[in-house]
Amino acid sequence: TDGSGYSIYTDLQNRAALARNLKTVALRYLDEDAACIRDLDAAANRLEGERDPERAYSANTALDEAAAAVSAQLEALELSDTDENYRIGIMTDLESYNATIAHDGYNEYVREVNEKTLSRFPANIFRIITFTANAKYYR
Numbered sequence: 001t002d003g004s005g006y007s008i009y010t011d012l013q014n015r016a017a018l019a020r021n022l023k024t025v026a027l028r029y030l031d032e033d034a035a036c037i038r039d040l041d042a043a044a045n046r047l048e049g050e051r052d053p054e055r056a057y058s059a060n061t062a063l064d065e066a067a068a069a070v071s072a073q074l075e076a077l078e079l080s081d082t083d084e085n086y087r088i089g090i091m092t093d094l095e096s097y098n099a100t101i102a103h104d105g106y107n108e109y110v111r112e113v114n115e116k117t118l119s120r121f122p123a124n125i126f127r128i129i130t131f132t133a134n135a136k137y138y139r
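In structure tokens, the structure reads:
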């Protein structure tokens, strides 16, 4: 990608949407008040609203854990063939988006900005004057 981070945010939004799809399947078999459903919903909401790269990384990790918990609950039940295929497909897509994010050039771009641009004259002077922080990594 171009290193802008937009690709990561698009992938994260897609992951949140997939979590909602997993919730839809899960609600056919689990109670809406089940802890794993609440955790999945909270993780998707957090991920959708997060714009800080470091906190987005943390929110994405929480979504992974919540989706895995719901998937494990569903795996222990007798799902219809269609719903089992949905569950497998959603989990596969969640993993695929994480793989895409892992190969994104954003963190390399941040490193270059921080080390090669913001640390050198005259940018380093403007950075001090304007209280500009280093760019944040997605990690």
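In my numbering, the protein residues as written are 1 to 139. Ideal Cβ placement from N, Cα and C applies to all residues, glycine included.
**Prompt:** Relative to the C-alpha of Asn60, which residue among Thr132, Glu115, Glu95 and Arg38 is closest?
**Reply:** Of the listed residues, the one whose Cα sits closest to Asn60 is Glu95.
**Request:** Would you be able to state if there are at least three C-beta pairs under 8 Å between the segment 93 to 110 and the segment 124 to 139?
**Result:** The answer is yes - the segment 93 to 110 touches the segment 124 to 139, with three or more Cβ pairs under 8 Å.
**The alpha helix (DSSP H) enclosing Thr61, as first and last residue numbers** = Start and end: Pro53 to Glu75.
**Asked** Can you tell me whether Lys116 is buried or exposed, with buried defined as 16 or more other CB within 10 angstroms of its CB?
**Response** Within 10 angstroms of the beta-carbon of Lys116 lie fewer than 16 other beta-carbons, which makes it exposed.
**Validate contact between the segment 65 to 74 and the segment 33 to 41 using beta carbons, cut 8 Å, 3 pairs** = Contact holds: three or more Cβ-Cβ distances are below 8 Å.
**Request:** Would you check if the distance between the CB atom of Ala72 and the CB atom of Ala44 is smaller than 8 Å?
**Result:** Contact flag unset, no.
**Request:** Closer than 7 Å by C-beta to Val113: which residues in its own chain qualify, once you throw out the five before and the five after it? Chain order, please.
**Result:** Contacts found: Ala135.
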